[in-house]
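Note sheet for the following structure.
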Amino acid sequence: PAAVSNKKRLSHTKRLSLSSDQSVLGLPEPTTSVLFAESPLHPGVPIVYRTPEEKSPNPDRLNLDRRHLSVCPILEGEEKLRLLNLQHNSITRLQHLNGLRQLVFLDLYDNFVREISGLEGLMSLRVLMLGKNRICKISGLRSPGETGCARPSWESG
Numbered sequence: 005p006a007a008v009s010n011k012k013r014l015s016h017t018k019r020l021s022l023s024s025d026q027s028v029l030g031l032p033e034p035t036t037s038v039l040f041a042e043s044p045l046h047p048g049v050p051i052v053y054r055t056p057e058e059k060s061p062n063p064d065r066l067n068l069d070r071r072h073l074s075v076c077p078i079l080e081g082e083e084k085l086r087l088l089n090l091q092h093n094s095i096t097r098l099q100h101l102n103g104l105r106q107l108v109f110l111d112l113y114d115n116f117v118r119e120i121s122g123l124e125g126l127m128s129l130r131v132l133m134l135g136k137n138r139i140c141k142i143s144g145l146r147s148p149g150e151t152g153c154a155r156p157s158w159e160s161g
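Using my numbering, the first residue of the sequence shown is number 5, and each one after it goes up by one.
Right, dumping it as C-alpha cells:
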C-alpha cells in the first residue's frame, strides 16, 4: 500500500490497494476506495474514511467486502450510512457501530462472528445478514414489533 499524506485527518494513512491480491485470488475487486489508518486510542483497530470525491457517488453506502478485516473498523464521517457491507472478512465481534443511527442494512455474511450484541444504538436497522458465521449467542436486539417490522415466520402461530 502506498502512503498517503492527508494533513486534515491523520498522518501515515495508507490507501488500501488490494487489486493485485484480488486478481491472484480470483476475487472481484472492491468497488469502494477507502483510506485506512490505525486508531491511536484503540491500537489494532483501523479507522476507515473516504474522501469527499470517493463518497459523493454513494454517500449512504459503504462496501468493505473482502478487506481482510478482523475487527469492525471505526467509520469516520459515515454517520449517514444506510448500507454497510462487511461480507467475506474475518470479523469476530461487533463493535464501533453504535454511531450509525441511520443504518438500515448491515451485511456480515461470511465472517467469524460468535456473539451478536452491541447493536442497541442502531435504531434504523431493518436487515441484518449473518449467514456463514459462528453465532452462539444473541442479545440486545429489539423485537420486530419494536422496529415496525413484521414478525419473522418462526414467531407466528
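We treat Cβ as the ideally placed atom computed from N, Cα and C, and that holds for glycine.
How close, in whole Å, do the beta carbons of residue i and residue j come, if the pair is a contact with beta carbons under 8 Å?
{"i": "F116", "j": "N137", "result": "7 Å"}
{"i": "H100", "j": "P77", "result": "7 Å"}
Is the beta carbon of residue j closer than 7 Å to that of residue i?
{"i": "L134", "j": "L107", "result": "no"}
{"i": "R70", "j": "L87", "result": "no"}
{"i": "G144", "j": "E119", "result": "no"}
{"i": "V38", "j": "V49", "result": "no"}
Just the Cα atoms here: how many angstroms apart are residue i and residue j?
{"i": "S74", "j": "I95", "result": "4 Å"}
{"i": "N102", "j": "E82", "result": "11 Å"}
{"i": "L90", "j": "L112", "result": "5 Å"}
{"i": "L79", "j": "K141", "result": "25 Å"}
Secondary structure at residue i, three-state DSSP: helix, strand or coil?
{"i": "P50", "result": "strand"}
{"i": "K59", "result": "helix"}
{"i": "V117", "result": "coil"}
{"i": "M133", "result": "strand"}
{"i": "E124", "result": "coil"}
{"i": "S27", "result": "A caution first: S27 carries a pLDDT of 38, below 50, which makes its placement in the model unreliable, though a value can still be read off. Looking at S27 - three-state DSSP - the assignment turns out to be helix."}
{"i": "I142", "result": "strand"}
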